[in-house]
Each structure stands twice: as C-alpha cells, then as structure tokens.
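Note that the working numbering has the sequence shown beginning at 70, numbered continuously upward.
Each residue gets a CB set at the ideal place from its N, CA and C atoms; glycine is no exception.
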Amino acid sequence: MAAPDEAPPHPARRRDQLDKLCLFDDHWSPRIAPELNDSYVKLLKVKGELLWHRHPEEDEMFLVLRGRLTIRMRDGEDVHLAERGIFVVPRGTEHMPVANEEAQVLLVEKKTTVSTWDVEVEGTGPNPWV
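Below is the structure:
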C-alpha cells in the first residue's frame with residue numbers, strides 16, 4: 070500500500086471509491102480515496118464519540134453517506150447531519166463528531182491536516198490509501 074504522501078499509480082483510473090467502505094470495519098480511522106488538488110478525499114466509518122479537537126490552519130468538510138452524524142461545536146449549536154448532509158467546520162473551531170450508530174462519512178481535508186488533530190490519540194497516524 071502506498072504511503073499517504075505517495076499516490077497510488079494512475080489515480081484517475083480508480084473508480085467506485087465508495088464501494089471501498091466495505092473493505093474495512095474500524096471506526097475513526099480514515100482511508101484516503103482520491104486526492105483533489107491539495108486535498109485528500111477520505112472515507113471513514115464512525116461510531117461513538119471522537120474527542121474535542123480543532124484544526125488550526127484547515128477547514129474540514131463532512132458529507133454523511135449513510136447514517137447520522139452530530140458535530141458538537143464548543144462555541145455554538147450542534148450540527149445534526151442525516152444522509153447526504155454536508156457541513157464545513159471552519160479552521161480553528163473546536164468540534165467533536167458523534168454518531169450513536171455507525172455512520173459512513175466522506176471527509177475532505179487539506180493534505181496538511183494532521184490526522185492526530187491537536188491532541189495525541191493512540192493508534193492514529195498517517196491515513197492509508199484505500
């Protein structure tokens with residue numbers, strides 16, 4: 070598998086990226102699908118709470134593909150997303166994604182976004198390609 074900073078060969082030929090969600094079961098462990106300009110498109114399964122965190126320099130876009138996701142906002146109202154719901158967390162905003170049941174999410178983040186967020190999370194690191 071290619072390292073996160075090395076795109077797999079011929080990324081333009083990769084298709085059916087959403088079908089790749091069936092290739093993994095772990096939660097809160099994003100997989101890089103295609104890349105777009107200076108961003109990664111990531112697939113991820115979520116269940117339970119992540120933790121409060123922020124991305125000081127980058128916005129983060131969530132698109133719910135299946136299920137429901139709540140994005141708790143430390144300094145504002147919670148955002149509730151159903152399937153096909155989309156929300157962009159502005160850079161520097163402290164937030165915590167929560168899913169009572171498993172949800173499948175497409176995430177768009179700049180390549181510079183640190184996967185371990187602004188706190189240490191055991192088991193996180195560079196996201197693998199899927």
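Outcome for residue i when other beta-carbon atoms lying within 10 angstroms are tallied against a minimum of 16
| i | result |
| --- | --- |
| Glu152 | exposed |
| Arg100 | buried |
| Thr181 | exposed |
| Glu242 | Outside the shown range of the chain, which is 70 to 199, sits residue 242, and nothing can be said about it. |
| Leu87 | exposed |
| Val157 | exposed |
| Glu146 | exposed |
| Leu112 | buried |
| Leu92 | exposed |
| Leu120 | exposed |
Residues that residue i bridges to, as DSSP identifies them
| i | result |
| --- | --- |
| Leu132 | Ile155, Leu175 |
| Arg256 | With the chain represented from 70 up to 199, any question about residue 256 goes unanswered, as that position is not in the structure. |
| Glu118 | Val167 |
| Leu150 | Leu138 |
| Glu104 | Tyr109 |
| His124 | Beta-bridge pairing links His124 to no other residue. |
Member of the options whose CA lies at the smallest distance from the CA of residue i
| i | options | result |
| --- | --- | --- |
| Leu95 | Glu171, Leu176, Val177, Gly154 | Note that residue 95 corresponds to Asp in the displayed sequence, not to Leu. Closest by alpha carbon: Glu171. |
| Leu150 | Gln173, Lys179, Asp128 | Gln173 |
| Leu134 | Val115, Gly161, Asp144, Lys179 | Val115 |
| Gly161 | Phe131, His124, Glu129 | His124 |
| Leu132 | Asp107, Val148, Asn106 | Val148 |
| Val177 | Asp107, Gly117, Ala102, Met130 | Met130 |
Mind the definition here: the segment 160–171 touches the segment 135–142 only if three or more C-beta pairs lie below 8 Å; say whether that holds. Enough Cβ pairs lie closer than 8 Å, so yes.
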